[in-house]
Amino acid sequence: MTRINLTVDGAKVADDVEPRMLLVQYLREKLGKTGTVVGCDTSNCGACTVHLDGTSVKSCNVLAVQADGSEVTTIEGLAATYDGGDLHPMQEAFRECHGLQCGYCTPGMIMQSVAFLKENPKPTEEEIRVGIEGNLCRCTGYHNIVRAVQLASGQGDHQSAGASTVGVPAEEATS
Ligand code: FES
Ligand code: FES
């Protein structure tokens, strides 16, 4: 066992963990942070994305011991990093734009999108698609997810996203 000390969603935690334990396992199984989900366990889908010292990481690709001394933010603590209300503006934008269906990809998609906008506050649509390409969604066709990120960046509006395009593949929705 290895002793780790870190901050998770604003709370300091200290634990003894197996050196092989993944960060996502630690968050879910030891801390009960089940808002962070596992889609593939092989660093492909991005469903497990969290922020590690402000940078987005796939938490199935990080050992818990590697987070020692760091600050981790999950989807459950995201709103608290922004003091405007119950939801972070990115969560609000996903809600406004219907940027989800089953919701399984949503925690990781939102965490990635927040980190992406920190690096590129006014991205083009193409840049958004590249910025979230490590996060897979099997339901939405991405169209409304992209609109949500545009809205959160202060570009576009939820009307142009439109509920009617939910689930329509991007090429159809934009044609
Ligand atoms: Fe981590 Fe899929 S569960 S990338
Ligand atoms: Fe179902 Fe994205 S909303 S996987």
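Position one of the sequence shown corresponds to residue 1 (our numbering), numbered consecutively onward. We put the beta carbon where it would ideally sit given N, CA and C, even for glycine.
Here's the rule I'm using: 16 or more other beta-carbon atoms within 10 Å means buried, otherwise exposed. How should residue 90 be labelled?
Buried: at least 16 other Cβ atoms inside 10 Å.
Would you say the beta carbon of residue 58 comes nearer than 7 angstroms to a heavy atom of ligand 4?
You won't find ligand 4 in this model; what it holds is ligand 1 and ligand 2.
I need the boundaries of the beta strand (DSSP E) containing residue 147, first residue and last residue.
Here residue 147 belongs to no beta strand (DSSP E); instead the alpha helix (DSSP H) covers 143 to 152.
Kindly list the residues whose CB is nearer than 6 angstroms to the CB of residue 106, restricted to its own chain and excluding five residues on each side of it in sequence; keep chain order.
The answer, listed in chain order, is 100.
Leaving out five residues before and five after residue 19 in sequence, what residues of the same chain have Cβ atoms less than 6 angstroms from its Cβ?
2 and 65
Straight-line Cα distance separating residue 41 from residue 10:
26 angstroms
If you measure from the CB of residue 46, is any heavy atom of ligand 2 nearer than 7 angstroms?
no
State buried or exposed for residue 130, treating a residue as buried only when at least 16 other CB atoms are found within 10 Å of its CB.
exposed
Run of the beta strand (DSSP E) containing residue 130, from where it starts to where it stops:
Per DSSP, residue 130 belongs to no beta strand (DSSP E); it is in the alpha helix (DSSP H), 125 to 131.
Buried or exposed (CB count within 10 angstroms, at least 16 for buried), residue 14
exposed
Opposing strand residues paired with residue 11 [DSSP bridges]
According to DSSP, which records beta bridges pairwise, residue 11 is partnered with 8.
Taking Cβ positions, are residue 36 and residue 50 nearer each other than 8 angstroms?
yes
Where does the unbroken alpha helix (DSSP H) through residue 106 begin, and where does it stop?
Taken as a continuous stretch (DSSP letters only), the alpha helix (DSSP H) holding residue 106 covers 106 to 119.
Quick one: grab the DSSP three-state call for residue 57.
strand
Which partner residues of residue 52 appear in the DSSP bridge assignment?
55 and 72
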